[in-house]
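Heads up, the thing below is written out as structure tokens.
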Amino acid sequence: MADTIQAVRGMNDVLPDEAPLWAFFEDTVRAWLHRYGYRRIRMPIVERTELFVRSIGEVTDIVEKEMYSFEDRLNGEQLTLRPEGTASCVRAVLQHNLLHGTGQRLWYEGPMFRHERPQKGRYRQFHQIGVEALGYADAEIDAELIVMGARLWADLGLTGIALQLNSLGSTEARLRHRAKLIAHLEAHVDLLDDDAKRRMHTNPLRVLDTKNPALQAMAAAAPRLLDDLDDADRAHFETVQRLVRAAGIDFTIEPRLVRGLDYYNRTVFEWVTTTLGAQGTVCAGGRYDGLIAQIGGKPAPGAGFAMGIERLLAMLVDAQVAVPAQAPDVYLVWAGDAPVAAHAWTVAEALRGAGLAVLMHAGEGGFKAQMKRADASGATVAVIVGDDEAARGDVAVKPLRGGGEQRRAAVAEAPATVRAAAMAA
Ligand code: ATP
Ligand code: MG
1272 MADTIQAVRG MNDVLPDEAP LWAFFEDTVR AWLHRYGYRR IRMPIVERTE
1322 LFVRSIGEVT DIVEKEMYSF EDRLNGEQLT LRPEGTASCV RAVLQHNLLH
1372 GTGQRLWYEG PMFRHERPQK GRYRQFHQIG VEALGYADAE IDAELIVMGA
1422 RLWADLGLTG IALQLNSLGS TEARLRHRAK LIAHLEAHVD LLDDDAKRRM
1472 HTNPLRVLDT KNPALQAMAA AAPRLLDDLD DADRAHFETV QRLVRAAGID
1522 FTIEPRLVRG LDYYNRTVFE WVTTTLGAQG TVCAGGRYDG LIAQIGGKPA
1572 PGAGFAMGIE RLLAMLVDAQ VAVPAQAPDV YLVWAGDAPV AAHAWTVAEA
1622 LRGAGLAVLM HAGEGGFKAQ MKRADASGAT VAVIVGDDEA ARGDVAVKPL
1672 RGGGEQRRAA VAEAPATVRA AAMAA
């Protein structure tokens, strides 16, 4: 026998037992986004490599070492499995001219791909919900995006997710700050790892985003970009803080929070939990006023965030948040010859036509074995069809929970009888 083929490392199957958890999360997220007026957009999973290099930045972990890039065999185009959604979303908005005379509040969901070392909360295919507000410059939008996050945690029943805020200011402020930062890094060059040494001159701010424990003290002592902000950036950041505070949301200012992507300016934020170990950031984002022009559009502001679905689902499991079950209403138990089978089919379709979820027994098994299956399926009611029922053209309805009595019903009355039995359960 041939070896069984395994999934690619770091790329997970989502098994049917996890479906109720995903459904609870996705239903909650959809209702939440609707309440804030965000509309869904769906982009392709594959984009031109150039899109990500230009937007995320050449000297970033993602572009330097995490992208799944390949050449299209037929036409030689350089393509990449998207490592994130913002660049694609902005590309789509520009390509279809959606910013003409109006802003856009958008969201998307889907798999993202990064070639990282797989570990708990870090995978090579993972899923994000992304939220982007394009065409809005005011601090109110930054605050809206942050306040939304807090509401979602509450909607999901999650606690203990802390907000960290920072401002990266303007390009000019970052240039002013750059020389000071490089001087600090040069003073500690003996400590620096290869990544840090290489980035020290090309992208010094990125060095502060290091996960290397040996560099944390050096990074903590680095000069603060916050101290070099322009007045306008400072005022913008203060408005964001005031609005977030007014919404009753606590936060800490983290001067070293720079984010892993180059396109951010002004507000950046992360939602972090201590319950997931090292992979504690469940949601991250900020303002990216230069990105639209960088991708080739007429300059326009933007801001957004993305959350890691797997990390949030892990939190839901740890917190034992109650998730609605996805059990059928009815398990249809039947056994007999062709006329019985035909009757069972008629009954199943009549019940489904009335809006009930019906799991029809398939395969072998007598009534007793089928009743066990019915019970295990989580259905509230078993509808039973045998020789007698087929001959009479009716069904037996047996409640599986709450111990009500078995009843007989004509096919036309079966949905009402099932509903009455389910109500009593
Ligand atoms: P990290 O610092 O953990 O590598 P990041 O800054 O690269 O995160 P973003 O690009 O901001 O992450 O992505 C937003 C969110 O997506 C993260 O906060 C996290 O919840 C999730 N995420 C990012 N990479 C992964 C991954 N490889 N596996 C699972 N979730 C991820
Ligand atoms: Mg990363």
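Residue numbers (this note's numbering): 1272 to 1696.
In this text, a Cβ means the ideal position worked out from N, Cα and C, and glycines have one as well.
The structure presented is a predicted model; accordingly, all values stated were derived computationally and were not measured.
Am I right that Leu1479 and Ala1493 are in contact with their C-beta atoms under 8 Å? What's the rounded C-beta distance? Indeed, because the Cβ distance is near 6 Å, the residues count as touching under 8 Å.
If you draw a straight line from the alpha carbon of Val1402 to that of Tyr1559, how long is it in whole angstroms? If I take the Cα positions, the gap works out to 13 Å.
With DSSP as the reference, label Ala1278 as helix, strand or coil. If DSSP states are grouped into helix, strand and coil, Ala1278 belongs with coil.
Would you please state the rounded distance, in angstroms, between the beta carbons of Leu1562 and Ser1326? I believe it to be under 8 Å. Going by Cβ atoms, the distance from Leu1562 to Ser1326 rounds to 6 Å, so yes, they are a contact pair.
Any idea if Leu1434 is buried or exposed, counting beta-carbon neighbours within 10 angstroms, 16 or more meaning buried? Counting the other CB atoms within 10 Å of its CB gives Leu1434 a total of 16 or more, which places it among the buried residues.
Ranges of the alpha helix (DSSP H) found wholly within the stretch 1398-1464, counting only runs of at least 4: Whole alpha helix (DSSP H) segments, 4+ residues: 1410-1427 and 1442-1458.
Do Ala1618 and Val1668 have their C-beta atoms closer together than 8 Å? Reading the sequence as shown, one finds Val at residue 1618 and not Ala. Cβ distance not < 8 Å, so Val1618 and Val1668 don't count as in contact.
Where does Lys1231 fall in DSSP's three states? Residue numbering for the chain in the displayed model covers 1272 to 1696; residue 1231 lies beyond these limits and cannot be assessed.
Assign Val1324 to one of three DSSP states: helix, strand, or coil. The three-state reading of DSSP puts Val1324 in helix, counting H, G and I together.
In its own chain, which residues sit with a C-beta less than 8 Å from the C-beta of Ile1566, not counting the 5 before and 5 after it? In chain order, Leu1322, Arg1325, Ser1326, Ala1358, Val1361, Arg1362 and Leu1365 place their CB closer than 8 Å to the CB of Ile1566, counting only its own chain and leaving out the 5 sequence neighbours on each side.
Closest Cα partner of Ala1444 within the set Asp1499, Thr1538 and Gly1392: Comparing Cα positions, the closest option is Asp1499.
Asp1646: CB within 7 Å of a non-hydrogen atom of ligand 2: The answer is no for Asp1646.
Here's a check: name, in chain order, each residue in its chain whose Cβ is nearer than 8 Å to the Cβ of Ala1490, leaving out the five neighbours to either side. So the qualifying residues of the chain are Val1478, Leu1479, Thr1481 and Arg1527.
For the beta strand (DSSP E) holding Ser1359, just list the boundary residues, first then last. For Ser1359, no beta strand (DSSP E) encloses it; the enclosing alpha helix (DSSP H) starts and ends at Thr1357 to Gln1366.
When the Cα atoms are used, what is the spatial distance from Gly1548 to Trp1605? Answer to the nearest angstrom: the Cα atoms are 50 Å apart.
For Thr1617, name the three-state secondary structure that DSSP assigns. Helix.
Based on the DSSP output, what are the partners of Ile1333 in its beta bridges? Under DSSP, Ile1333 takes part in no beta bridge, so it has no partner.
With a threshold of 8 Å on Cβ separation, who are the neighbours of Ala1696 within its own chain once the five nearest residues in sequence on each side are excluded? For Ala1696, where only same-chain residues beyond five positions count, the Cβ hits under 8 Å are Thr1651, Val1652, Pro1670, Leu1671, Arg1672, Gly1673 and Gly1675.
Reducing DSSP to helix, strand and coil, say where Glu1541 ends up. Here Glu1541 carries a strand assignment [DSSP, helix/strand/coil].
DSSP state of Pro1382, grouped into three classes? For Pro1382, the three-state secondary structure derived from DSSP is strand.
Would the C-beta of Asp1332 count as close to ligand 3, meaning under 7 Å from any of its heavy atoms? Judged by which ligands are present, ligand 3 is missing from the structure shown, whose ligands are ligand 1 and ligand 2.
Starting from Arg1311, follow its DSSP beta bridges and name the residues at the other end. For Arg1311, which the question treats as bridged, DSSP gives the partners Trp1378.
Contact between the stretch 1342-1359 and the stretch 1294-1307: three or more CB pairs below 8 Å? Judged by Cβ distances under 8 Å, the stretch 1342-1359 makes no contact with the stretch 1294-1307, as fewer than three pairs qualify.
On the DSSP bridge list, what partners appear for Arg1558? The partner list for Arg1558 (beta bridge, DSSP) reads Asn1536 and Ala1574.
Closest Cα partner of Ala1454 within the set Leu1436, Pro1475 and Gly1440: When each option's Cα is compared against that of Ala1454, the closest is Pro1475.
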